[in-house]
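Enquirer: Please find one structure pasted underneath; my questions will follow.
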Amino acid sequence: MRKARSLLILAALASGSALAQEKVTLRFTTWAGGDALKLLQSLAADYGKRNRNVTVEVESIPFGSYDQKITVQIAGGTPPDVGWVAERSVPGYIASRSLVNLRPTVASDASLVLNDYSPASLALWTRGDALYGLPFSFSPMLVYYNRDLFEKAGIPTPATLLRQNKWNYAAFEASASAIKKASPGAYGASLFRLDPQNWAGGILAAVYSNGGDVFGQDAASCALDSAGSVRAFELAQRMMRDGTAPRLGEQVTFASGRLGMYADQVSYSAQLKDVDFKWDVAPMPSGPSGRKTLLGQAGYAVFSASKHPREAQDFIKYLSSRAVMQRTAQFFPPPRRSLLNSSTFLKNPLISEASLRDAVLKQVGSARTLIVPTNWTQVNDVVVRNLERTLRPSANVGQELGRVCNEVDAVLKK
Amino acid sequence: MSLRSLSRAAYYAVMVVLAVPFVFPTLWMIGASFKSNQAIFAEPLGLLPSRVDWANYAQVFRDYPFAAQYLNSVYIAVIVTLATLLLGALAGYGFARLNFPGRDLMFIACLSAMMLPSEAVSIPQFALFKAAGLVNTHAPVILLQIFGGTGALAVFLLRQHFLTVPRELDEAALIDGLGRWGIFWHVMLPLARPALVAVGIFAFLNSWNDYFNPLIYLNSGERFTLPLGLQGFTDPLGGIFWNLTLAASTLATLPLLLAFLVAQRHFVESLTSSGLKG
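As they're listed, the protein sequences go chains A and B.
Under the numbering used here, residue 577 is the last one in the first sequence; the count climbs by one each step, no gaps.
Under the numbering used here, residue 303 is the last one in the second sequence; the count climbs by one each step, no gaps.
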């Protein structure tokens with residue numbers, strides 16, 4: 164009898180300690196690919212070693228289907244706990260109350276000094292006093308340029324022009340034209356991505372630097388027909404008409420070696436590992452309103468439907484810590500100012516330190532994030548549908564963008 | 026040259042021209058799968074690689090769980106095909122020959138599964154599989170094919186086929202001493218071969234190409250099937266490595282191409298005799 168009782172007590176003790184150390188499995192979703200995915204997997208494993216009761220499973224979802232899958236999972240009651248959220252989706256997730264306010268956790272943690280984040284990097288995630296995510300990438304659009312094509316054309320590179328204070332959109336256009344003349348099989352430059360859905364990439368840097376915008380105050384009205392925006396689109400139209408830029412939908416990538424200049428983020432350099440031409444990066448050119456590039460952003464967030472919000476937030480704290488962000492910095496320029504200057508970020512295997520300083524560090528201060536309305540997908544559809552018409556050689560760009568804005572304004576009022 | 030052979034030559038010439046839009050992309054994909062990421066876009070219309078380089082194929086298997094994904098696709102498609110054939114034939118026979126109360130109502134209910142778009146029912150289905158603890162397993166991916174639109178199509182096609190078989194055959198077999206099961210197995214199934222081949226092809230293709238269900242139900246890379254896996258060859262922020270994607274796509278297409286080349290006559294025959302045009 165006594166033996167049985169002591170056994171019972173033992174069992175109770177065992178179950179009690181099991182309760183304190185309850186096993187938690189966190190699901191962490193991302194659209195990262197290649198080496199970045201491997202790094203995230205090893206970070207998740209490291210975290211599991213430090214926190215014996217937590218296992219983090221990294222789930223990779225194709226970028227194009229990311230939000231669809233997350234939405235079904237939230238609606239179906241098996242939401243991921245933590246995940247990447249793309250900048251264009253942030254307003255929608257916040258509006259549908261799908262993200263946890265991290266402010267109380269972050270404020271209580273001394274190692275996560277929010278002052279270290281550049282204010283521009285937090286704007287997208289902030290509503291009043293609440294903070295719905297922590298960015299891990301703070302990535303300005305920059306210019307990739309083909310040094311071989313510049314050499315062949317016998318013209319100064321963007322880096323040289325930058326030092327002479329002459330790196331502006333007029334010089335960009337003239338360089339592109341010279342490259343096209345010297346290498347007829349190539350194109351001078353492109354301000355657009357292969358996929359027109361992604362039109363906002365390069366052209367927005369030109370729009371901002373010309374004093375234009377996509378939206379007015381609070382993303383409540385369309386500003387694509389403002390004078391500055393029209394100037395930027397006219398530049399793109401001119402370059403396509405001259406044949407210095409590939410037309411929309413033409414499949415010319417920078418990695419093919421047939422494109423003199425191309426706007427993208429640092430992470431694109433992974434595509435250039437094995438190319439047989441020399442290339443480098445420079446900041447975007449400056450325009451009448453200065454040098455204002457577009458800032459690409461993505462962040463970590465905890466989904467409100469998570470059953471383990473405490474552990475999930477702790478995992479985000481780990482991912483956003485200095486030590487870890489120093490490791491992710493090899494792919495994503497870090498939003499923490501103290502790290503942007505760090506040796507890990509500046510020691511990139513493919514890009515020189517001097518170029519990174521010019522193209523990333525010196526650009527982020529004046530760079531802007533495109534903050535979109537919650538129905539961005541519909542707005543984007545309107546723009547994409549009209550893009551080809553707007554950029555036709557004979558089109559009156561101002562008029563066409565006016566029509567686009569009428570349609571966009573109607574969508575925004577809905 | 027006689028008029029007849031002349032018209033024949035013209036016929037073939039037109040056919041060859043018409044085939045170009047279908048054949049060219051496939052040949053381009055195979056050619057490009059041997060090129061580097063740079064070379065693919067350096068000469069976009071070039072079909073032949075300057076040299077055959079297997080590096081893309083090696084990397085697909087070395088750096089990504091592609092082998093596991095390939096196996097998943099194969100075994101899921103085989104199970105789906107066999108199960109669809111078996112259930113489709115049994116149910117089709119039942120609907121065509123057996124009299125039971127509520128038969129026509131059940132048949133209409135079965136057909137309605139074919140009409141519903143899968144997106145419309147995805148959330149309740151997801152809740153169901155979640156309650157059964159089957160999320161992130163292959164069970165939903167398999168079951169939703171067998172008991173979803175593909176299975177309903179199979180039942181419908183086979184029922185229509187069995188209806189065209191004269192009842193006298195059943196009766197003759199009955200007199201010769203066969204039971205229901207014997208009639209189904211020895212008389213009806215052999216007669217249904219063309220329809221079975223057509224259903225088999227559809228079931229295999231639907232399962233092989235299914236993107237939506239694996240996207241919704243599978244979470245870990247090793248459990249992905251090919252359509253999902255093909256989207257994974259990207260740089261850190263999701264930019265596509267075309268050389269790897271095309272090598273993997275070639276590998277994903279080859280079994281279908283080979284199967285079609287080997288059994289071409291069979292396929293076409295079965296499609297025409299089952300009255301189904303693809």
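Here a beta-carbon is modelled for each residue, glycine too, at the ideal position from N, C-alpha and C.
Just how far apart, CA to CA, sit B:G71 and B:M54?
Expert: One-based indexing of the second sequence puts residue 71 of chain B at position 46. One-based indexing of the second sequence puts residue 54 of chain B at position 29. One C-alpha to the other measures close to 11 Å.
Enquirer: If the cut is a Cβ gap below 8 Å, which residues of chain B does A:V535 touch?
Expert: What you label residue 535 of chain A is simply residue 372 of the first sequence in a count that begins at 1. Here the premise fails: no neighbours, minimum Cβ distance about 18 Å.
Enquirer: Tell me A:T416's beta-bridge partners as DSSP assigns them.
Expert: Start at 1 with the first residue of the first sequence, and residue 416 of chain A comes out as number 253. Paired residue(s): none; A:T416 is not in a bridge.
Enquirer: Just by C-beta distance, which residues in the stretch 251 to 271 of chain B are closer than 8 Å to chain A?
Expert: Correct list: L253, Q256, G257, F258, T259, D260, P261, L262, G263, G264 and F266.
Enquirer: Taking B:Y95 as the reference, which of B:L286, B:V293, B:L279 and B:L283 has the closest Cα?
Expert: Within the second sequence, the letter at position 70 stands for residue 95 of chain B. Ranking B:L286, B:V293, B:L279 and B:L283 by Cα distance to B:Y95 puts B:L279 first.
Enquirer: Using only the alpha-carbon positions, how far apart do A:R213 and A:S271 sit?
Expert: Counting from one through the first sequence, the residue named residue 213 of chain A turns up at place 50. Counting from one through the first sequence, the residue named residue 271 of chain A turns up at place 108. Going by the C-alpha atoms only, they are around 21 Å apart.
Enquirer: Using a Cβ-Cβ cutoff of less than 6 Å, which residues in the same chain neighbour B:A121 once the five nearest sequence positions on both sides are dropped?
Expert: Position 96 of the second sequence holds residue 121 of chain B. So the list reads R184, F187 and L188, once near-sequence residues are dropped.
Enquirer: Under the three-state reduction of DSSP, which class applies to A:Q327: helix, strand or coil?
Expert: For the purposes of this step, residue 327 of chain A is identified with residue 164 of the first sequence, where counting begins at 1. Three-state result, A:Q327: coil.
Enquirer: Between B:L301 and chain A, is the shortest Cβ-Cβ distance under 8 Å, so that the two count as touching?
Expert: By 1-based counting over the second sequence, the position of residue 301 of chain B is 276. Only weak support is given to the placement of B:L301: the predicted model assigns it a pLDDT of 49, under 50, and the value that follows is read from those uncertain coordinates. By this cut-off, B:L301 is not an interface position.
Enquirer: Taking A:G239 as the query, report the chain B residues whose CB atoms sit under 7 Å from its CB, ordered along the chain.
Expert: Indexing the first sequence from 1 puts residue 239 of chain A at position 76. Within chain B, the residues near A:G239 are I148, F151, A152 and K155.
Enquirer: Comparing C-alpha positions only, which one of A:N549, A:F335 and A:P536 sits nearest to A:K576?
Expert: For the purposes of this step, residue 576 of chain A is taken as residue 413 along the first sequence, with counting starting at 1. The option with the nearest alpha carbon to A:K576 is A:P536.
Enquirer: Does DSSP put B:L178 in a helix, a strand or coil?
Expert: Residue mapping note: residue 178 of chain B aligns to position 153 of the second sequence, counting from 1. Residue state, collapsed to three classes: helix.
Enquirer: Helix, strand or coil: which one does DSSP assign to A:L176?
Expert: Position 13 of the first sequence, counted from the start, is the residue given in the question as residue 176 of chain A. Below a pLDDT of 50, predicted positions are generally treated as unreliable, and A:L176, at 43, falls in that range; the measurement from the model is reported next regardless. Note: A:L176 maps to helix in three-state DSSP.
Enquirer: I need the DSSP call for A:M424, collapsed to helix, strand or coil.
Expert: Reading the first sequence from its first residue, position 261 is the one you call residue 424 of chain A. It is a strand residue.
Enquirer: Based on the DSSP secondary-structure assignment, which residues constitute the bridge partners of A:T289?
Expert: Counted from its first residue, the first sequence places residue 289 of chain A at position 126. According to DSSP, A:T289 bridges with A:L294.
Enquirer: Roughly how many angstroms separate the alpha carbons of B:G127 and B:I133, rounded to a whole number?
Expert: Here the question's residue 127 of chain B lines up with position 102 in the second sequence. Here the question's residue 133 of chain B lines up with position 108 in the second sequence. Each residue's Cα considered, the two are about 10 Å apart.
Enquirer: How would you call A:W539, buried or exposed, if buried means at least 16 neighbouring beta carbons within 10 angstroms?
Expert: Position 376 of the first sequence, counting from 1, holds the residue named residue 539 of chain A. By the 10 Å Cβ count, A:W539 comes out buried.
Enquirer: By the three-class DSSP mapping on this structure, what secondary structure does A:R165 have?
Expert: Counted from its first residue, the first sequence places residue 165 of chain A at position 2. Low confidence applies to A:R165: its pLDDT is 47, below 50, so where it sits in the model is not reliable, and the reading given next is rough at best. If DSSP states are grouped into helix, strand and coil, A:R165 belongs with the helices.
Enquirer: Distance check for A:A475 and A:Y280, CA to CA, integer angstroms please.
Expert: By one-based count along the first sequence, residue 280 of chain A stands at place 117. By one-based count along the first sequence, residue 475 of chain A stands at place 312. So the alpha carbons of these two residues sit roughly 21 Å apart.
Enquirer: Using three-state DSSP, classify A:D209 as helix, strand or coil.
Expert: Here residue 209 of chain A is taken as the residue at index 46 of the first sequence, counted from 1. In the structure shown, A:D209 sits in a helix (DSSP, three-state: H, G or I).
Enquirer: Can you give me, in chain order, the residues of the stretch 237 to 251 of chain B that have a beta carbon less than 7 Å from any beta carbon in chain A?
Expert: For the stretch 237 to 251 of chain B, which is checked against every Cβ of chain A, the residues closer than 7 Å are L240, I241, N244, S245 and G246.
Enquirer: Give, in chain order, every residue of the stretch 35 to 65 of chain B whose Cβ lies closer than 7 Å to some Cβ of chain A.
Expert: Cβ contacts with chain A come from S61, N62 and Q63.
Enquirer: For a test of the three-state rule: what should DSSP assign to B:F151, helix, strand or coil?
Expert: Taking the second sequence and counting its residues from 1, the one referred to as residue 151 of chain B is at position 126. Of the three classes helix, strand and coil, the one that applies to B:F151 here is helix, per DSSP.
Enquirer: Using a Cβ-Cβ cutoff of less than 7 Å, which residues in the same chain neighbour A:Q434 once the five nearest sequence positions on both sides are dropped?
Expert: Here residue 434 of chain A refers to the residue found at position 271 of the first sequence. Correct list, in chain order: A418.
Enquirer: CA-CA distance, A:L176 and A:E185?
Expert: Position 13 of the first sequence holds residue 176 of chain A. Position 22 of the first sequence holds residue 185 of chain A. Reliability fails at A:L176, whose pLDDT of 43 lies under 50, so the model's placement of it is uncertain and the value that follows must be treated cautiously. Cα to Cα, the separation comes out at about 14 Å.
Enquirer: Inspect the CB distances between the stretch 97 to 106 of chain B and the stretch 441 to 457 of chain A and report whether three or more fall short of 8 Å.
Expert: Flag = no, the stretch 97 to 106 of chain B and the stretch 441 to 457 of chain A do not touch.
Enquirer: Run through chain A and tell me which residues come within less than 7 Å of B:P160, C-beta to C-beta.
Expert: Mapped onto the second sequence, residue 160 of chain B falls at position 135. The sequence shown places Val at residue 160 of chain B, rather than the Pro named in the question. Simply T241.
Enquirer: Would you mind telling me which residues of chain A sit closer than 7 Å to B:A273, beta carbon to beta carbon, in chain order?
Expert: The sequence position of residue 273 of chain B within the second sequence is 248, counting from 1. Those do not exist, as B:A273 stays about 13 Å from chain A at its closest Cβ, beyond 7 Å.
Enquirer: For the stretch 269 to 284 of chain A, list every residue whose C-beta sits within 8 Å of some C-beta in chain B, in sequence order.
Expert: So nothing in the stretch comes that close.
Enquirer: Kindly list, in the order they appear in chain A, the residues whose Cβ is closer than 8 Å to that of B:A67.
Expert: Within the second sequence, residue 67 of chain B is the residue found at index 42, counting from 1. Those within 8 Å of B:A67 in chain A are S419, G420 and R421.
Enquirer: Rounded to whole angstroms, what is the Cα-Cα separation between A:S180 and A:L189?
Expert: Here residue 180 of chain A refers to the residue found at position 17 of the first sequence. Here residue 189 of chain A refers to the residue found at position 26 of the first sequence. Confidence is the limiting factor: at A:S180 the pLDDT is only 44, short of 50, which leaves the residue's position unreliable, though a coordinate-based value still follows. Their Cα atoms are separated by approximately 21 Å.
Enquirer: Could you confirm whether any beta carbon from chain B is found closer than 8 Å to the beta carbon of A:Y371?
Expert: Your numbering for residue 371 of chain A matches position 208 in the first sequence. Answer no: the Cβ-Cβ gap between A:Y371 and chain B never drops below 8 Å.
Enquirer: Going by CA-CA distance only, name the one from A:T289, A:I257 and A:R260 that's closest to A:V269.
Expert: By 1-based counting over the first sequence, the position of residue 269 of chain A is 106. It is A:T289 whose Cα lies nearest to the Cα of A:V269.
Enquirer: Excluding the 5 residues preceding and the 5 following A:Y256 in the sequence, name in chain order all residues of the same chain whose CB lies nearer than 8 Å to its CB.
Expert: Looking up residue 256 of chain A in the first sequence gives position 93. The residues are V248, L262, Y295 and A464.
Enquirer: On the DSSP letters alone, give me the boundaries of the beta strand (DSSP E) that A:R190 sits inside.
Expert: What you label residue 190 of chain A is simply residue 27 of the first sequence in a count that begins at 1. Here the beta strand (DSSP E) through A:R190 covers V187 to T193.
Enquirer: What are the boundary residues of the beta strand (DSSP E) that A:G351 is part of?
Expert: If you number the first sequence from 1, residue 351 of chain A lands on position 188. From DSSP, the beta strand (DSSP E) with A:G351 extends over Y350 to S353.
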